[in-house]
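So for the sequence shown, full-length UniProt numbering puts the first residue at 1; every next one is plus one. For every residue, glycine included, the Cβ atom is placed at its ideal position computed from N, Cα and C. Please read these numbers as outputs of a predicted model, since none were measured by experiment.
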Amino acid sequence: MDEVKQLVTDIKNGQLKPIYFLMGEEAYYIDKISDFIENTVLTEEDRGFNQMLLYGRDVTIEDIVSNAKRYPMMAEYQVIIVKEGQDLSRNIEKLASYAANPQPTTILVINYKYKKIDKRKSLYKTLKKTGVIYESKKLYENQVADWIRRVLSPKKYTITPKAAQMLVEFLGTDLSKINNELEKLQIILPKGTEINPTHIEENIGISKDYNNFELRKAVGERNIKKAFSIVNYFANNPKDNPMVVTVALLFNFFSQLLYFHGLSDKSPRNVASALKVNPYFVNEYINAARNFPMRKVSTVVATLREFDVKSKGVNANAVPQGDLLKELLFKIFN
1 MDEVKQLVTD IKNGQLKPIY FLMGEEAYYI DKISDFIENT VLTEEDRGFN QMLLYGRDVT
61 IEDIVSNAKR YPMMAEYQVI IVKEGQDLSR NIEKLASYAA NPQPTTILVI NYKYKKIDKR
121 KSLYKTLKKT GVIYESKKLY ENQVADWIRR VLSPKKYTIT PKAAQMLVEF LGTDLSKINN
181 ELEKLQIILP KGTEINPTHI EENIGISKDY NNFELRKAVG ERNIKKAFSI VNYFANNPKD
241 NPMVVTVALL FNFFSQLLYF HGLSDKSPRN VASALKVNPY FVNEYINAAR NFPMRKVSTV
301 VATLREFDVK SKGVNANAVP QGDLLKELLF KIFN
């Protein structure tokens with residue numbers, strides 16, 4: 001995020017490079033940087049003649065270079081933005097010759113999503129000298145809640161740890177999807193609001209009581225009644241609560257619990273650091289460790305591996321996922 005801020009600051013200050021090659025697994029920041037260049041480098045009057053949008057599936061490298069070598073019309077720069085540049089992956093190295101001697105009055109932006117160019121080859125090495133290469137890396141799940149807080153902070157919103165976790169568990173690590181939902185909330189809720197689970201439930205449609213976060217907590221507390229109540233809800237709403245996601249989350253929880261048992265320093269601060277979890281959730285692990293000794297945790301991890309395979313249809317084709325989840329809970333609690 002700091003790298004993105006610096007890029008944006010440089011562009012605002014007129015410190016422009018002739019090529020911006022935006023690549024990597026996380027599309028959110030690629031779009032943000034590309035959109036910022038598209039909307040700010042040229043004035044509205046200049047965009048009509050000097051801004052061009054191309055798509056990788058429709059053009060060749062030769063087309064891009066030919067357009068890039070043109071001179072702007074009555075403006076300091078022309079801007080060429082190539083969307084879906086990853087569609088040119090087979091021939092992308094051909095861009096190296098242009099990158100070695102780019103047109104100084106052209107700002108060429110390549111959006112190369114979900115892929116990376118080979119850092120050992122000529123194009124990468126040349127772009128490092130003459131342009132900007134930005135690699136957008138996917139965040140780990142345990143980093144996304146903090147990202148949500150940082151995105152909301154300058155907009156004068158805060159969010160409770162549970163609400164942030166609900167978004168992560170429902171939407172995964174796709175920052176674009178999460179940002180879309182946050183923007184909806186910002187339209188509805190006044191500035192200064194602390195976003196809580198009720199806001200998430202009422203405006204996004206994620207149940208604050210029947211979700212994987214609450215299931216994990218109920219299992220850790222050995223609250224059998226609540227855990228089976230949540231699983232019954234999942235069984236009745238399988239499309240919104242796929243078993244494969246539930247099993248993956250429980251597997252991650254018990255794997256962390258196994259690691260917790262092996263810690264010599266079980267102070268809350270060290271636990272949060274070692275498990276890479278928000279300090280708000282540390283008590284869940286402390287309580288779960290009392291309910292599940294290390295030997296039992298090892299057994300549960302093995303069981304979850306077995307049910308992960310079953311959740312994907314292996315040796316369980318005719319068994320409803322709701323029944324599999326109930327069987328899984330029975331084995332965890334016994």
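Check	Outcome
Let me know if Y98 comes out buried or exposed under the rule of 16 or more other beta-carbons within 10 Å of its beta-carbon.	buried
Do you know whose CA, among H261, I81 and L182, lies nearest V59's CA?	I81
Thinking just about the alpha-carbon of each residue, which of D63, A164 and S207 is nearest to the one in Y55?	D63
Does the stretch 139-146 come close enough to the stretch 113-122 that 3 or more CB-CB pairs lie under 8 Å?	no
Looking at the unbroken alpha helix (DSSP H) that takes in V8, where does it start and where does it end?	D2 to K12
V41: which of N179, A75, V65 and I30 sits nearest, CA to CA?	A75
If L249 sits next to R216, beta carbons under 8 Å apart, how far is it from one beta carbon to the other, in whole angstroms?	6 Å
DSSP puts I80 in a beta bridge; with which residues?	M52 and L108
Once DSSP output is grouped into helix, strand and coil, what is the label at K113?	strand
Specify the secondary structure class of L22 as computed by DSSP and reduced to three states.	strand
Between P161, P18 and P154, which has its C-alpha nearest Q186's C-alpha?	P154
Quick check on the DSSP output: the alpha helix (DSSP H) that includes I37 runs from which residue to which?	A27 to T40
Report the three-state DSSP secondary structure of T246 (helix, strand or coil).	helix
For the alpha helix (DSSP H) containing I61, list its first residue and its last residue.	I61 to A68
Is E44 buried or exposed, if buried means 16 or more other CB atoms sit within 10 Å of its CB?	exposed
Along the chain, where does the beta strand (DSSP E) containing V132 start, and where does it finish?	V132 to E135
Is there contact between the stretch 87-96 and the stretch 45-53, where contact requires at least three CB pairs shorter than 8 Å?	no
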